[in-house]
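Protein chains in written order, with UniProt numbering: chain A, 1 to 157; chain B, 1 to 370. We put the CB at the ideal spot given by N, CA and C, even for glycine. Quick caveat: nothing in here was measured; it's all calculated off a predicted structure. What follows is a set of notes on a single structure, which appears directly below.
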């Protein structure tokens with residue numbers, strides 16, 4: 001998009017992917033993933049979970065000038081692990097615990113000792129689950145695809 | 001003007017208790033849950049979010065329950081809540097080209113890349129009451145998945161654009177678009193402000209105005225170029241990161257109307273555009289919004305302004321349901337002092353009128369006696 005003129009580094013792309021997936025992962029899945037960690041994460045809040053709004057922008061005609069469509073609820077959080085790594089989250093909706101855990105996992109994913117296993121057990125499965133849901137919706141929509149036939153009019157002539 | 005009144009606290013409290021009792025209805029009937037509203041009254045939820053100008057399905061469901069199903073009251077509740085939220089971010093513009101489509105139709109081209117996808121629509125139903133739904137436990141037959149996936153659905157307007165037959169719609173993104181929640185609207189308003197106002201406006205108001213343009217008040221010869229419904233990712237660029245991240249996705253309905261334009265001294269004849277976008281599956285609202293958006297572009301396109309739907313101040317300043325229902329309903333508040341002064345005035349006028357009538361009668365009698 002307009003603000004991303006410079007291409008992202010591989011690290012940035014990887015982080016972009018997991019932050020986006022963590023924002024959409026259901027809370028029970030995140031809770032289970034915390035429980036499954038070898039030891040419970042120790043962290044302090046840089047920013048306690050806070051709910052507010054995001055102003056949703058769109059473009060006239062989809063491609064034209066920007067305008068403000070409305071707002072949506074958004075909860076954000078920032079944590080610092082005892083290891084010093086910091087994690088952030090911005091999650092649509094008002095679930096503070098979701099924002100907290102998403103920030104914790106953002107920090108944990110930056111830990112080379114944990115990132116591979118977390119990617120395998122949490123991030124990639126989240127992506128697969130999301131893709132499967134999207135695929136199922138698209139396949140149902142595709143089943144309603146229609147071919148209209150135009151009939152010649154003017155049979156009275 | 002209404003004046004402050006005192007007292008009545010007990011009656012007011014009891015009235016609200018009665019409201020709560022009537023909202024609950026027959027206690028023998030199970031209470032409605034928010035999950036039920038959210039999952040089974042989805043179009044009501046969509047409308048409340050769109051006109052409440054806040055995308056949050058849980059809050060919209062709560063508002064509908066609290067308002068006893070009165071959607072205007074629910075919209076008011078959501079708007080009031082919205083004002084309590086600190087604004088944490090501004091999203092990147094939604095990229096509706098990447099919409100994951102559940103419905104996509106065009107009334108202008110029969111065969112178009114991506115095809116016509118009907119999706120979950122009331123169109124082509126017979127509008128006969130379905131008594132099977134009255135019997136609970138009705139489980140719909142699951143929709144089979146189609147083996148052939150949806151192809152990419154390029155914009156219909158982009159197809160016309162390739163031939164140069166429609167006005168281009170691109171932007172430089174220089175200044176931030178105006179925000180009517182922060183700055184009061186000024187007239188004439190630019191298109192960004194108009195679109196924001198229309199997006200929050202009452203569907204019935206826009207539907208009626210759009211309909212009026214079809215019936216000849218501001219002839220705009222519209223075609224539904226494309227209607228698409230589906231979900232789009234929402235991204236923000238947090239300062240802390242400096243690159244975009246997805247915060248979730250929302251469902252939207254988009255309508256692009258294509259309208260005739262005879263051209264002007266500087267512009268060759270071409271098609272013009274009207275645009276509508278709503279939260280959720282607000283298809284009828286998106287269509288109405290697109291018609292009214294186009295009508296309101298009369299000034300910009302050098303068309304004669306002859307019809308209500310082209311009158312920007314009239315259209316924009318009367319479409320907000322919170323404002324219009326607020327001002328209409330404020331008439332219920334005590335206007336006792338106002339009305340007292342009107343009473344005095346009418347009594348005085350009546351006395352004058354009677355005196356004049358009596359004087360005229362006396363004059364007639366005297367002239368007859370002569």
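Per-residue burial, residue i [other beta carbons within 10 Å of its own, 16 or more giving buried]
i, result
"residue 25 of chain B", "exposed"
"residue 12 of chain B", "exposed"
"residue 116 of chain B", "buried"
"residue 353 of chain B", "exposed"
"residue 9 of chain B", "exposed"
"residue 245 of chain B", "buried"
"residue 368 of chain B", "exposed"
"residue 39 of chain A", "exposed"
"residue 53 of chain A", "buried"
"residue 275 of chain B", "buried"
"residue 161 of chain B", "buried"
"residue 288 of chain B", "buried"
"residue 68 of chain A", "buried"
"residue 76 of chain B", "buried"
"residue 143 of chain B", "exposed"
"residue 235 of chain B", "buried"
"residue 29 of chain B", "exposed"
"residue 305 of chain B", "exposed"
"residue 282 of chain B", "buried"
"residue 253 of chain B", "buried"
"residue 130 of chain B", "exposed"
"residue 43 of chain A", "buried"
"residue 137 of chain B", "exposed"
"residue 134 of chain A", "exposed"
"residue 341 of chain B", "exposed"
"residue 104 of chain B", "buried"
Per-residue contacts from residue i into chain A (C-beta, under 8 Å)
i, result
"residue 254 of chain B", "62"
"residue 234 of chain B", "54, 56, 72, 92"
Contacting residues, own chain, Cβ-Cβ under 6 Å from residue i (five flanking each side not counted)
i, result
"residue 118 of chain B", "none"
"residue 350 of chain B", "none"
"residue 1 of chain A", "Note that residue 1 of chain A scores a pLDDT of 44, beneath 50, so its modelled location is shaky and nothing firm can be said."
"residue 205 of chain B", "319"
"residue 93 of chain A", "73"
"residue 177 of chain B", "192"
"residue 132 of chain B", "138"
Same chain only: Cβ atoms within 7 Å of residue i, ignoring 5 sequence neighbours per side
i, result
"residue 221 of chain B", "259, 260"
"residue 99 of chain A", "49, 75, 76, 77, 89, 91"
"residue 185 of chain B", "193, 197, 316"
"residue 290 of chain B", "255, 256, 257, 274, 275, 276"
Residues sharing a beta bridge with residue i, DSSP
i, result
"residue 233 of chain B", "B:249"
"residue 153 of chain B", "Answer is none; residue 153 of chain B lacks a bridge partner."
"residue 75 of chain A", "A:51, A:91"
"residue 277 of chain B", "B:254"
"residue 89 of chain B", "A:54"
"residue 146 of chain A", "B:116"
"residue 70 of chain A", "A:56"
"residue 259 of chain B", "B:222, B:272"
Neighbouring residues, chain B, relative to residue i (Cβ below 7 Å)
i, result
"residue 104 of chain A", "Going along chain B, no residue has its Cβ under 7 Å from residue 104 of chain A, so there is no contact; the nearest lies around 16 Å."
"residue 35 of chain A", "Going along chain B, no residue has its Cβ under 7 Å from residue 35 of chain A, so there is no contact; the nearest lies around 24 Å."
"residue 45 of chain A", "Those within 7 Å of residue 45 of chain A in chain B number zero; the least Cβ separation is about 14 Å."
"residue 159 of chain A", "Beyond the ends of chain A as shown, which are 1 and 157, falls residue 159 of chain A; an answer cannot be given."
"residue 87 of chain A", "Within 7 Å Cβ-Cβ: nothing; residue 87 of chain A doesn't reach chain B, min ~10 Å."
Sequence-distant residues of its chain with Cβ nearer than 8 Å to residue i (five each side left out)
i, result
"residue 270 of chain B", "164, 165, 166, 167, 261, 263"
"residue 8 of chain A", "16"
"residue 98 of chain B", "232, 233"
"residue 46 of chain A", "78, 79, 80, 86"
"residue 379 of chain B", "Because chain B is modelled from 1 through 370, residue 379 of chain B falls outside the range shown and cannot be assessed."
Presumed contact (8 Å Cβ cut-off) between residue i and residue j, rounded CB distance
i, j, result
"residue 71 of chain B", "residue 199 of chain B", "Their Cβ separation, rounded to whole angstroms, is 16 Å, which puts residue 71 of chain B and residue 199 of chain B out of contact at 8 Å."
"residue 92 of chain B", "residue 57 of chain A", "7 Å"
"residue 309 of chain B", "residue 217 of chain B", "6 Å"
"residue 225 of chain B", "residue 157 of chain B", "6 Å"
"residue 188 of chain B", "residue 153 of chain B", "Not quite, the Cβ-Cβ distance comes to about 35 Å (not below 8 Å), so this is no contact."
"residue 249 of chain B", "residue 71 of chain A", "With a Cβ gap of about 16 Å, residue 249 of chain B and residue 71 of chain A do not count as contacting."
"residue 56 of chain B", "residue 60 of chain A", "Between residue 60 of chain A and residue 56 of chain B the Cβ distance is about 25 Å, and since that is not below 8 Å, they are no contact."
Per-residue contacts from residue i into chain A (C-beta, under 7 Å)
i, result
"residue 115 of chain B", "145"
"residue 317 of chain B", "None at all; the shortest Cβ gap to chain A is about 18 Å."
"residue 343 of chain B", "Going along chain A, no residue has its Cβ under 7 Å from residue 343 of chain B, so there is no contact; the nearest lies around 46 Å."
"residue 44 of chain B", "Within 7 Å Cβ-Cβ: nothing; residue 44 of chain B doesn't reach chain A, min ~17 Å."
"residue 275 of chain B", "60, 61"
Within chain B, partners of residue i - CB distance below 9 Å
i, result
"residue 123 of chain A", "Chain B residues near residue 123 of chain A: none, gap ~13 Å exceeds 9 Å."
"residue 16 of chain A", "241, 243, 244, 245, 246"
Chain A residues whose Cβ lies nearer than 9 Å to that of residue i
i, result
"residue 196 of chain B", "67, 68, 69, 70"
Within chain B, the residues that residue i reaches when beta carbons sit closer than 8 Å
i, result
"residue 91 of chain A", "247, 248"
Quiz item: Between the region 111-122 of chain A and chain D, which residues of the former have CB atoms less than 9 Å from a CB of the latter, in chain order?
Solution: Absent from the structure: chain D. Protein chains present are A and B.
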